[in-house]
Structures are given as C-alpha cells and as structure tokens.
Amino acid sequence: MQQIVPGLWLFDEIGDTVHAYLWEWAGGLPLIDTGHPKDGPIILAALRKRGYALHNVRRIILTHADVDHSGGLAQLKQATGAKVACHAAEKEFVERPWRRQPVWFLRPLLAVAALAPAFQPRSGSPDELLLDGQELPEGFTVIHTPGHTPGHISLLHKEQRFLITGDAMSNRKGKLRDPIFLFTPDKVNARRSIWKLAKKYGDDFETVVFGHGPPILQNGAKRIKGLASQMMSTDV
Ligand SMILES: [Zn+2]
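This is the structure we're talking about:
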C-alpha cells in the first residue's frame, strides 16, 4: 500500500491498470472501489499485512459499477461485513452490470471478454444510496459526475483537500483527459461533470487521485480547471 496524503492509501499491490483506495480515519477504514474480480483477495491480503482489522472496513464506496471498480466487491463485502454505497442512479448497474453498454462496436468484443472470469461482470447489492452534495461521516462530499456512467460519483475531502475522481477523467501519459470515449456513452454529461468539478469545487482541493493514472499531488484543481477550459475552447 502506498500513502498518497496522510490517511489516503492506494492499493498498489493490485497493479497499475486500475486503482482502489483506503481512507484511514478515526471512525473506520472505508474502501473506495475494489478493482477487478481478481483484486478482491489481493486487497484483503494487503489490509491484513498492514495489521488492519477487517471489521473496521465498515463502508465500501463505489465510484461506479464497472467491473474494474466493482469486481472485488462481493469478496470484500463478505470478508469485512461492510455496507456498500453508490449513487442512487448507479444502483441498477451494480445489481445488473450487464445493462452497462459501451459504444456499439465494442459490444460483441465485450460479450466474448465477459466469458473470461477476469472480466465477468459481478452483480452486487448496494446498502446505501448516495446523492449529489451529500456529506458523509468520513469527511467526503459526494459529487455526482455522470457521463462515464449515469450514477458515477467523485469524492471530495474538503478538510484534507483531496479529490478522488473515479473515472470522471483520467491521467494518462502525463495528461489529464476526459474519460475514455469507448466506455463513456454520454460524452456531453462527462464534460459537464469535469466542468462542475472545476467550477464548483475548484478551490477545495489540491491533490487528485484517479481510477486510472498516477496521482497529482499539487495543483490538482488548477490542472482540472485547465482541462475544463481546454474542453470549452475546443467545443465552440
Ligand atoms: Zn475504470
């Protein structure tokens, strides 16, 4: 596990294709996302290795239901007894992940890929449904950032000044980008969501961590504002 800012841990044990996080605070050890199906046991082993009591993982917050973020959910929920939280609009995709559709020409490919256990969508059952602007006891503000999926959320910790974007954007090859279009059916809303993060919350954080790509430790909000204004200028 790698500490990004005090209390925010990245599970680097699961590799680099997707990220899952632990937020260590006085009230427990919430997880944010759970990696691919193969990553559930790896995350559990990492928690045990650092001496964390699994029953202190009381909440698992999903940024969205895609298999690379919710794949480890069933195993982690079972091992910890945690409650699962996601945005209200994401509930149906957590329960019925096969309803999630990428662009049409990828669908046959994904149907074949889903036969492999590593990419097989796993259904789960959320215990708590979150809404935009909701303040969580862990210190997070829930920010609804739809586009990549309908109920996608980002999580802002105002006090510690960090933002967990999920897949509202990614940091690929040293550059901030809007989410990969092949898996983002609603590109207009995806861009609005980036604009929202920049405009509404752009003074509230410094560090940014992503579902995909390395963290930005400093000037994260400035970088997101830059992406937002770049998008605006290319749109007109
Ligand atoms: Zn992803």
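For the sequence shown, position 172 (counting from the first letter as 1) is numbered 176 according to my numbering, and the numbering increases by one without interruption. Even for Gly, the Cβ is constructed at its ideal location relative to N, Cα and C. Only a predicted model underlies this, so the values are computations on that prediction, with no experimental measurement involved.
Within the region 53-97, the alpha helix (DSSP H) runs of at least 4 residues that lie entirely inside it are, in chain order, 71-74 and 77-84. Taking C-beta separations shorter than 8 Å and ignoring five residues to either side along the sequence, the partners of residue 92 in its chain run 133, 134, 135 and 155, following chain order. Of the heavy atoms belonging to ligand 1, none sits nearer than 7 Å to the Cβ of residue 208.
With a threshold of 7 Å, the Cβ atom of residue 215 counts as near ligand 1, since some heavy atom of the ligand is closer than that.
Contact between residue 205 and residue 147 is confirmed by a C-beta separation of about 7 Å, below the 8 Å threshold. One thing to note: residue 211 has its Cβ within 8 Å of the Cβ of residue 165. A buried status is given to residue 94, since no fewer than 16 other beta-carbon atoms sit within 10 Å of its beta-carbon. Counting other Cβ atoms within 10 Å of its Cβ, residue 192 stays below 16 and is therefore classed as exposed. Per DSSP, the beta-bridge partners of residue 146 are 159. Straight across, the Cα-Cα distance linking residue 78 with residue 90 is about 14 Å.
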